[in-house]
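Below you'll find the structure, written out as structure tokens, and then a few comments.
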């Protein structure tokens, strides 16, 4: 297949594996959409393996290390991916995420066409991410049970904080930023990624446990409520809701830092600001929906932003790009009940 066909494959695969990020990435012009979209797909590949309950711990850890080595060493990378895929093919399911895994070679082929600075940013950050995933799977024997807020933050750093830093390094290749700006952005960039991840974890508490046997609400939050085993939180939702509320507070603090990150992005960095504003606003509104009915995330109902609210948020993005003051106002409104009428 040609490189152009591989590029189109990457663009079509994005909405199949993530509707939220496909919105942000789809708003970027070419080739910037691929500069962000391809790394996202390269993240989704190990994420699919991480989430697969049917793969034994030892095999999963070995595969993730092979994938990390694949990222870290450029030599014959596209050819070596076939060897890595053969190792995991027996576990394949017929889902969009697993179809992406099977087409990894096409994604790596597009990565090879990127400018060297973009490739270095992708390789360095994703290698750290994948080895962090491996650390948690090995430590928890394929059945994640987070113990403390510190461990929660470490997990979020590996799977999302690294992405925040990756985005910043890619953004810097697009623009002529003032000297030293990237260094000033780095800490908040990491928190930007952690904020989005923490909201996703809150939103998916029920499905993470029932589909993947993972509990990310820290044991330290649950034990004082009489929930000595994390699994019991679903049997006692009233008590468990108090632990969830503590995690909401942490997520809101991270979202404040995320807003600070966006504010620091220069007004001329239009695409970068737009890309970050979309998931930030959706995460902010999601936190409000969760806070409105905390117990819902402990049930199959979950928490979901309405289609009308998504449309309103997206309509506000152009003005948010132009004005930090407008961004502040929308951020405040997104946490109000009557957001649609504001």
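Numbering (the working numbering), first residue to last: 18 to 359. Glycine included, C-beta positions come from ideal geometry on N, C-alpha and C.
query                                                                                                                                                                    : result
Are the CB atoms of residue 254 and residue 319 within a distance shorter than 9 Å?                                                                                      : no
Can you have a look at residue 332 and say buried or exposed, based on whether 16 or more other CB atoms are within 10 angstroms of its CB?                              : exposed
Apart from the five residues just before and just after residue 304, which ones in its own chain have a Cβ nearer than 8 Å to its Cβ?                                    : 216, 219, 265, 268, 269, 272 and 352
Check whether the stretch 169-181 touches the stretch 198-215, counting contact only when three or more Cβ pairs, one atom from each stretch, lie closer than 8 Å.       : yes
Please classify residue 143 as buried or exposed, where buried requires at least 16 neighbouring CB atoms within 10 angstroms.                                           : buried
Can you tell me where the alpha helix (DSSP H) holding residue 18 begins and where it ends?                                                                              : Counting along the chain, residue 18 falls outside any alpha helix (DSSP H), and DSSP gives it neither H nor E.
If you run the structure through DSSP and keep just helix, strand and coil, what is residue 358?                                                                         : Because residue 358 sits at a pLDDT of 49, beneath the cut-off of 50, its placement in the model cannot be relied upon, and the following sentence gives the value as read from the coordinates. Helix, per DSSP.
Just to confirm, is the Cβ distance from residue 30 to residue 58 under 9 Å?                                                                                             : yes
Pairing CB atoms from the stretch 58-70 with CB atoms from the stretch 188-208, are three or more of them under 8 Å?                                                     : no
Rounded to whole angstroms, what is the Cα-Cα separation between residue 359 and residue 301?                                                                            : Annotation note: pLDDT 46 at residue 359 (below 50); position unreliable, coordinate value reported separately. Cα to Cα, the separation comes out at about 16 Å.
Please list, in chain order, all residues of the same chain as residue 368 whose beta carbon is under 8 Å from its beta carbon, the five residues on each side excluded. : What is shown of the chain runs 18 to 359, which leaves residue 368 out entirely.
Could you tell me which residues DSSP pairs with residue 232 in its beta bridges?                                                                                        : 162
Roughly how many angstroms lie between the CA atoms of residue 294 and residue 28, to the nearest whole one?                                                             : 21 Å
Just the C-alpha distance for residue 106 and residue 325, rounded to the nearest angstrom, thanks.                                                                      : 41 Å
Do you know how far the Cα of residue 243 is from the Cα of residue 290?                                                                                                 : 44 Å
Taking DSSP as the reference, what is the three-state secondary structure of residue 345?                                                                                : helix
Between the alpha carbons of residue 198 and residue 241, how many angstroms are there, rounded?                                                                         : 43 Å
Which term fits residue 185, buried or exposed, when burial requires 16 or more other beta carbons within 10 angstroms of its beta carbon?                               : buried
Between residue 82 and the rest of its own chain, which residues show a CB-CB distance below 7 Å, the 5 nearest in sequence each way excluded?                           : 151
Looking at the secondary structure, which residues open and close the alpha helix (DSSP H) in which residue 334 lies?                                                    : 324-339
Measure the alpha-carbon distance for residue 163 versus residue 278 and round it to whole angstroms.                                                                    : 27 Å
For residue 314 and residue 222, I'd like the C-alpha separation in whole angstroms.                                                                                     : 6 Å
Taking the alpha carbon of residue 42 as the reference point, which residue from 288, 330 and 146 has its own alpha carbon closest?                                      : 288
Where residue 282 and residue 203 are concerned, what is the direct C-alpha to C-alpha distance, given to the nearest angstrom?                                          : 11 Å
Which stretch, first to last residue, makes up the alpha helix (DSSP H) that contains residue 53?                                                                        : 49-68
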